[in-house]
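These notes are about the structure you will find just below.
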Amino acid sequence: MARFSSLVQNLFRKDSVEQELDEEVRAYLNLLAEEKIKAGMSPEAAYREAAIELGGVEQVKEQVREVRIGSLLESVAQDARFGLRTLAKSPGFTAVAVLSLALGIGGNAGMFSIVYGVLMRPLPYPEPDRLVRVTGYYPQGAVVALEQRSRAMDVAAHTTDSEFNLTGQGEALRLLGSAVSANLFTVLGARTEMGRTFQPGEDQPGRDRIVILSHALWQNRFASDPRIIGRPIAIDGLSREVIGVMPPGFSFPSSGVRLWIPLHLDPSNSLDFWGAGYMPLVARLRPRATLEQAQNEIRPLISQVIPLFPFVMARNWNADATVLPLQQDLVSDVSGRLLVLLSAVGLVLLIACANVASLLLARSAGRRKEIALRASLGASSGRIARQLLTESVVLAMAGGGLGLALAYGALSVLKSALPATTPRLAEAGIDWRVVAFASALAVLTGLAFGVAPALSAARLNVAEAIRSGGRRATGTVSIRLRSSLIAGEVALAVVLVIGAGLLIKSLWLLTQVDPGFRPERIVTVRVSPSQSFCQERARCVALYDELLRRARGISGVSDVAATNVLPLSGEVPGVPSELEGHPIVPAENLAPALWTGAVTPDYFRVLRIPLLAGRVFTDADTATSSAVVVVSAATAQRYWPRQNPIGKHLRPVWDKEWRMVVGVVADVRQYDLAGRSPTWTNGTMYMPYPQSVGLNRQMPSTMNLLLRTAADPVRVAGEISGLVAGVNPDVPAGEIRTMDAVVTASTAQSRSMMWLFVSFAGTALILAVVGTYGVVSYSTAQRTYEMGVRVALGATKGGIFGLVLGQSLRLVLAGLALGVLASLALTRMLARFLYGITPTDPMTFLAVSGLLAAIGILAGYFPARRAAGVDPLTALRAE
Amino acid sequence: MPPSQTNLLQGTLDLLILKTLALDEMHGLGISRRIEQITKGAFQVKPGSLFPALHRMEEAGWLASSWGESENNRRAKYYRLTRAGRRQLGAEAENWERISVAIASALQAS
Numbered sequence: 003m004a005r006f007s008s009l010v011q012n013l014f015r016k017d018s019v020e021q022e023l024d025e026e027v028r029a030y031l032n033l034l035a036e037e038k039i040k041a042g043m044s045p046e047a048a049y050r051e052a053a054i055e056l057g058g059v060e061q062v063k064e065q066v067r068e069v070r071i072g073s074l075l076e077s078v079a080q081d082a083r084f085g086l087r088t089l090a091k092s093p094g095f096t097a098v099a100v101l102s103l104a105l106g107i108g109g110n111a112g113m114f115s116i117v118y119g120v121l122m123r124p125l126p127y128p129e130p131d132r133l134v135r136v137t138g139y140y141p142q143g144a145v146v147a148l149e150q151r152s153r154a155m156d157v158a159a160h161t162t163d164s165e166f167n168l169t170g171q172g173e174a175l176r177l178l179g180s181a182v183s184a185n186l187f188t189v190l191g192a193r194t195e196m197g198r199t200f201q202p203g204e205d206q207p208g209r210d211r212i213v214i215l216s217h218a219l220w221q222n223r224f225a226s227d228p229r230i231i232g233r234p235i236a237i238d239g240l241s242r243e244v245i246g247v248m249p250p251g252f253s254f255p256s257s258g259v260r261l262w263i264p265l266h267l268d269p270s271n272s273l274d275f276w277g278a279g280y281m282p283l284v285a286r287l288r289p290r291a292t293l294e295q296a297q298n299e300i301r302p303l304i305s306q307v308i309p310l311f312p313f314v315m316a317r318n319w320n321a322d323a324t325v326l327p328l329q330q331d332l333v334s335d336v337s338g339r340l341l342v343l344l345s346a347v348g349l350v351l352l353i354a355c356a357n358v359a360s361l362l363l364a365r366s367a368g369r370r371k372e373i374a375l376r377a378s379l380g381a382s383s384g385r386i387a388r389q390l391l392t393e394s395v396v397l398a399m400a401g402g403g404l405g406l407a408l409a410y411g412a413l414s415v416l417k418s419a420l421p422a423t424t425p426r427l428a429e430a431g432i433d434w435r436v437v438a439f440a441s442a443l444a445v446l447t448g449l450a451f452g453v454a455p456a457l458s459a460a461r462l463n464v465a466e467a468i469r470s471g472g473r474r475a476t477g478t479v480s481i482r483l484r485s486s487l488i489a490g491e492v493a494l495a496v497v498l499v500i501g502a503g504l505l506i507k508s509l510w511l512l513t514q515v516d517p518g519f520r521p522e523r524i525v526t527v528r529v530s531p532s533q534s535f536c537q538e539r540a541r542c543v544a545l546y547d548e549l550l551r552r553a554r555g556i557s558g559v560s561d562v563a564a565t566n567v568l569p570l571s572g573e574v575p576g577v578p579s580e581l582e583g584h585p586i587v588p589a590e591n592l593a594p595a596l597w598t599g600a601v602t603p604d605y606f607r608v609l610r611i612p613l614l615a616g617r618v619f620t621d622a623d624t625a626t627s628s629a630v631v632v633v634s635a636a637t638a639q640r641y642w643p644r645q646n647p648i649g650k651h652l653r654p655v656w657d658k659e660w661r662m663v664v665g666v667v668a669d670v671r672q673y674d675l676a677g678r679s680p681t682w683t684n685g686t687m688y689m690p691y692p693q694s695v696g697l698n699r700q701m702p703s704t705m706n707l708l709l710r711t712a713a714d715p716v717r718v719a720g721e722i723s724g725l726v727a728g729v730n731p732d733v734p735a736g737e738i739r740t741m742d743a744v745v746t747a748s749t750a751q752s753r754s755m756m757w758l759f760v761s762f763a764g765t766a767l768i769l770a771v772v773g774t775y776g777v778v779s780y781s782t783a784q785r786t787y788e789m790g791v792r793v794a795l796g797a798t799k800g801g802i803f804g805l806v807l808g809q810s811l812r813l814v815l816a817g818l819a820l821g822v823l824a825s826l827a828l829t830r831m832l833a834r835f836l837y838g839i840t841p842t843d844p845m846t847f848l849a850v851s852g853l854l855a856a857i858g859i860l861a862g863y864f865p866a867r868r869a870a871g872v873d874p875l876t877a878l879r880a881e
Numbered sequence: 017m018p019p020s021q022t023n024l025l026q027g028t029l030d031l032l033i034l035k036t037l038a039l040d041e042m043h044g045l046g047i048s049r050r051i052e053q054i055t056k057g058a059f060q061v062k063p064g065s066l067f068p069a070l071h072r073m074e075e076a077g078w079l080a081s082s083w084g085e086s087e088n089n090r091r092a093k094y095y096r097l098t099r100a101g102r103r104q105l106g107a108e109a110e111n112w113e114r115i116s117v118a119i120a121s122a123l124q125a126s
């Protein structure tokens, strides 16, 4: 209690406490002097002696203040006020320091928000850590069998990237959706906003004419109709009853999914049940079951399922199935990139800190006189160090506050810079965790970069500092510390710039790649009649014939074609096939999957894909003519080396009839510009559209029209969508884009990573330049006197110029050497994001070294010129 | 001053101040003169040590202070022991004795 009241007294009655202390010490002084007068001293001598014996009224008072409770709080507030005042007095320094920090902290808070939102934020389902993914793709039959047999998991399945046509609600709409097992919502633990989810058995034929809508679809297409439940709507030409609406934010398995229908499980159709529509699995661990138990049971279960297939399934089918936490699986594609970017932006923060630390250090060297004065007036060295520390924390808080504001901006920039397909990106936002993260960073960096200057100030020799006037003397320790800070920060910047250089060069190489076709002046549009419309093949063929005929009539359009999949669009239309001379031994190997294009005759001409042998398709290749295919050069080379591929045969594994190879065309980079393809595809073939078949053993209903045109693509696009509506209003047309845009979009990930990395590296470079310039010009200003002496003793202007420039260059070169060494070790992290170069590409390393040397010269040039212009008389007189 | 020495001296100084004030209330100079006297000049307490100690002990609740008149009618701040201060004196004195006995026997043992 006594402590508390004294704390209150100290804080609130500061003046009277101070006054009392002053009185007390003076009373002591008087008593002491009186004693001496009694002993026979003259009053003046007595007071002088007493003062000496006392050791200074102010020092004693300060020592008392130090021990008082509340003095800590008090002095912190005082320090903060004082800090703010001094910072306001040197706006240039403050601006540079606060901006450096704001850039570092803002970038980090923004990037952290993304990383947290995408990688770390728990999935929005109950007990999200119990949700798992079983790797691999499974047919309906296997899903049912696994769900029945598993003891550790409740197993559900869902299709990915399924599209559905919604008709009868204004213009026909193509929607992303998912067909799911009836237990999917139960497994996820997801509840509806309105209505109910699927019940067991509702994925059986006869009970499956139902649909669940997303909140967005309900809102936009059904005007948030409160009586939507029970209403029939037309999906892919089939009437389904709406049974539920999901709450906003629910979107599984990917963002953009707008509706869910049950699977259609029909064991009597055994080919579809076991042979088509392979799906990923999602499961929930049963109570008390562990991930290990799930992992231990899954492979044996799969080997039990293999004999159930109505055809012979390879023994090694999904033999590597693994049970992973669902969250880890959802973000596995992006986590590498995001973590690399987070490390990069972390380096930027380190650089910002080093920058501010060296600025503070330089400043504290310049403030030696002030500090010495405070020391001689009774401030203990601990007190001075604390004051400097407080000043840096104030600085860091200002930087942190501004940084947080920047983070808001950075977040939206980052979000738009990252590919829109990044899972969970849309929901990432600045929340309290990010605020906490930024604040912790601000305080930590404040402490971190406050320590060095504070230590150096605390070690100050008062008498020496005052005697030298605090101007010329700059402790070698602080100079060395500052130089190593700068060299270190240059080194970090070098690492980032080299990384950026590698990514730039890699992307440039990627854009120089010949994709095997010519994308210029091609407009594409996606036309998607429902699958049921194409049940009758002739109807679908006629639709596209008509569309192509009318498209040819659009003025400015020189050539048209259609294809089921655009190269580089990311879709993979694989068909398991048997090729002549390569019999499939069912129990031993899986059939090779061929990338299968369903194209109209002019496809190769429109995209300028060269014919190497044989012929391409003609209008004579119809549904009734003999079945033919065209293969790519690599496929021919792989399966029929040193043989004539023309006249060879192949067939989808479920077909009886063989198709004859009539032509070989040049290879096209179908999957990505780097020339990779999914591991499970083994080649490329093309079928004439009327004869075509997809993985679902049906004719592809969705096709992309390609229009080669010299005219304005926007006008052509407008005409084409009107044209589709004119032919059949129930057929949605959309995704109108140029082929160039498709190609560009295929490098979106590399591009966004490159831009983000480059902006981080650019920031780092600017910070490093400012830091180097700051240190060189500051230390040059401090050496004005020395320069004056040198000139007076006969040094030439050129000599002085070289001296200062050399200093700057030495700093940068030391940092460069360090940075290159660090890069040799670190750029390995980028290897998987690079195309066409190694992580230690000598050209990039060389170019960056040149750039940095130039920057070193630039940073030293102005201080050097100023130093060379020093007039010895002025410099010497100034002392 | 190295911290170890400060700590030793601080503990000792506290004990001496408590001991000095056990008889009567006193002002600062009085306390330092009395300590000189009872330690036969071995301890000379400087104001730089005395005042922080007094204030610290007042914060701790061992001492109380009030303004009064000195022998020659000068205003001065007088310190006296509180009840907690007396308890502290007992405890510190006992502690001190134990240490000095321990050190004495250690010295004899060698």
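So the sequences go chain by chain: A and B.
With my numbering applied, the first sequence corresponds to residues 3 to 881, in that order.
With my numbering applied, the second sequence corresponds to residues 17 to 126, in that order.
The beta carbon of each residue, even a glycine, is placed where N, CA and C say it ideally should be.
Between Q21(A) and chain B, the shortest Cβ-Cβ separation is not below 8 Å.
For Q809(A), the number of other beta carbons within 10 angstroms of its own is at least 16, and it is reported as buried. Think of a sphere of 7 Å around the beta carbon of L45(B): the chain A residues whose beta carbon falls inside it are Y30, L33 and L34, in chain order.
Of the other Cβ atoms in all chains shown, fewer than 16 fall within 10 Å of the Cβ of N646(A); this residue is therefore exposed. Neighbours of G57(A) in chain B, taken as residues whose beta carbon is under 7 Å from its own, are K62, P63 and G64 in chain order.
E204(A) and P255(A) do not touch by the CB rule: their CB atoms are close to 19 Å apart, not below 8 Å. Secondary-structure assignment with DSSP links R176(A) through a beta bridge to N167(A).
Straight across, the Cα-Cα distance linking V529(A) with P309(A) is about 40 Å. Exclusion of the five residues before and after H584(A) leaves Y641 as the residues of its chain whose Cβ lies within less than 7 Å of its Cβ. Closest in alpha carbon position to A35(A), among H217(A), E55(A) and L23(A), is E55(A).
Taking a beta-carbon distance threshold of 8 Å, S82(B) does not count as an interface residue toward chain A. DSSP, reduced to helix, strand and coil, places D335(A) within a helical segment of the structure shown.
Chain A places a beta carbon closer than 8 Å to that of N88(B), counting this residue as a contact.
Scanning chain B for C-beta atoms nearer than 9 Å to the C-beta of E68(A) yields P68, reported in chain order. Within chain B, no residue has its beta carbon less than 9 Å from that of E60(A); the closest one is some 11 Å off.
T782(A): member of the alpha helix (DSSP H) spanning A750 to Q784, first to last residue.
Runs of beta strand (DSSP E) with 3 or more residues, each lying fully within the region 614-640 of chain A, are found at 630-634, listed in chain order. The beta-carbon of R99(B) is placed no less than 8 Å from the nearest beta-carbon of chain A.
At the C-beta level, V66(A) and L33(A) stay beyond 8 Å of one another.
For W262(A), same chain residues with a beta-carbon under 6 Å away, outside a window of 5 residues either side, are S180, V182 and I214 in chain order. In the DSSP assignment, P282(A) falls within the unbroken beta strand (DSSP E) covering M281 to L287.
Closest by C-alpha distance to T161(A), out of R644(A), P45(A), E173(A) and Y139(A), is Y139(A). Bridge pairing for E25(A): absent [DSSP]. Within chain A, the residues placing a beta-carbon under 7 Å from that of K93(B) are E26 and A29, ordered along the chain. Ranked by Cα distance from I611(A), the options V259(A), R229(A) and P569(A) are led by P569(A). In the DSSP annotation of this structure, the continuous segment of the beta strand (DSSP E) that includes T598(A) starts and ends at A595 to V601.
Residue burial is scored here from C-beta neighbours: I386(A) has at least 16 other C-beta atoms within 10 angstroms and is therefore classed as buried. Closest in alpha carbon position to R339(A), among V771(A), P844(A), R834(A) and E582(A), is R834(A).
Here G170(A) is exposed: its Cβ has fewer than 16 other Cβ atoms, across all protein chains shown, within 10 Å. Per DSSP, the unbroken beta strand (DSSP E) holding I524(A) starts and ends at I524 to V529. Here DSSP, grouped into helix, strand and coil, assigns H217(A) to helix.
Taking C-beta separations shorter than 8 Å and ignoring five residues to either side along the sequence, the partners of L37(B) in its chain run I47, L79, Y95, R96, L97 and G101, following chain order. Q329(A) is outside the set of residues whose beta carbon lies under 8 Å from a beta carbon in chain B. For H160(A), DSSP records a beta bridge to V182(A). In the displayed model, G57(B) falls within coil according to three-state DSSP, outside both helix and strand.
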